[in-house]
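Trainee:
Numbering (mature numbering (1 follows the signal peptide of the UniProt record, and there is no 0)), first residue to last: -27 to -1, 1 to 119.
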């Protein structure tokens, strides 16, 4: 009986030690001052796209679009080639944001605006975040139906 109690005590102590060591007390996941020097990132470039469609789920071909940082009003539209833009019009897909636009460990509010014949036909707000490596969507829908 004492052997069983001793074994159980040692087992529980070991288990508790492992749990204690593995606990992450990092509350700085979105802290701009958090160090990213020990983080290993993938080499992929992440880009989020917005899909604009009509009520019949047909793609909407915008004449132009822009993405604005709502904090300071700056235009952060991703440059695309004419062929990329034509492909985007065909499928109603337009770039919203990609890695490298904002610094590390930030949360930003942005707005997508789409235009046809010089008139704004769509405006949608988003909240995006960055970690040490990539951009992520916090709030907002990447599918817009007009």
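Think of the CB as a built atom: it goes at the ideal place given N, C-alpha and C, for glycine as much as any other residue.
From 37, 8, 21, 81, pick the residue whose C-alpha is nearest to that of residue 47; which is it?
Mentor: Minimum Cα distance to residue 47 is reached at 81.
Trainee: Does residue 71 come out as helix, strand or coil in the three-state DSSP assignment?
Mentor: DSSP places residue 71 in strand when its eight states are reduced to three.
Trainee: In whole angstroms, what separates the C-alpha of residue 44 from that of residue 29?
Mentor: Their backbone Cα atoms lie some 34 Å apart in a straight line.
Trainee: How about residue 84 and residue 102: are their beta carbons less than 9 Å apart?
Mentor: No, the Cβ-Cβ distance between residue 84 and residue 102 is not below 9 Å.
Trainee: Helix or strand or just coil, what does DSSP make of residue 100?
Mentor: Note: residue 100 maps to strand in three-state DSSP.
Trainee: Check for me: the alpha helix (DSSP H) holding residue 56 runs from which residue to which?
Mentor: Where residue 56 is concerned, the enclosing alpha helix (DSSP H) stretches over 55 to 64.
Trainee: Span of the beta strand (DSSP E) holding residue 83?
Mentor: Unbroken beta strand (DSSP E) run through residue 83: 80 to 89.
Trainee: Per the DSSP calculation, residue 94 is bridged to which residue(s)?
Mentor: For residue 94, which the question treats as bridged, DSSP gives no partner whatsoever.
Trainee: Taking only the alpha-carbon atoms, compute the straight-line gap between residue 26 and residue 33 and give it to the nearest angstrom.
Mentor: So the alpha carbons of these two residues sit roughly 5 Å apart.
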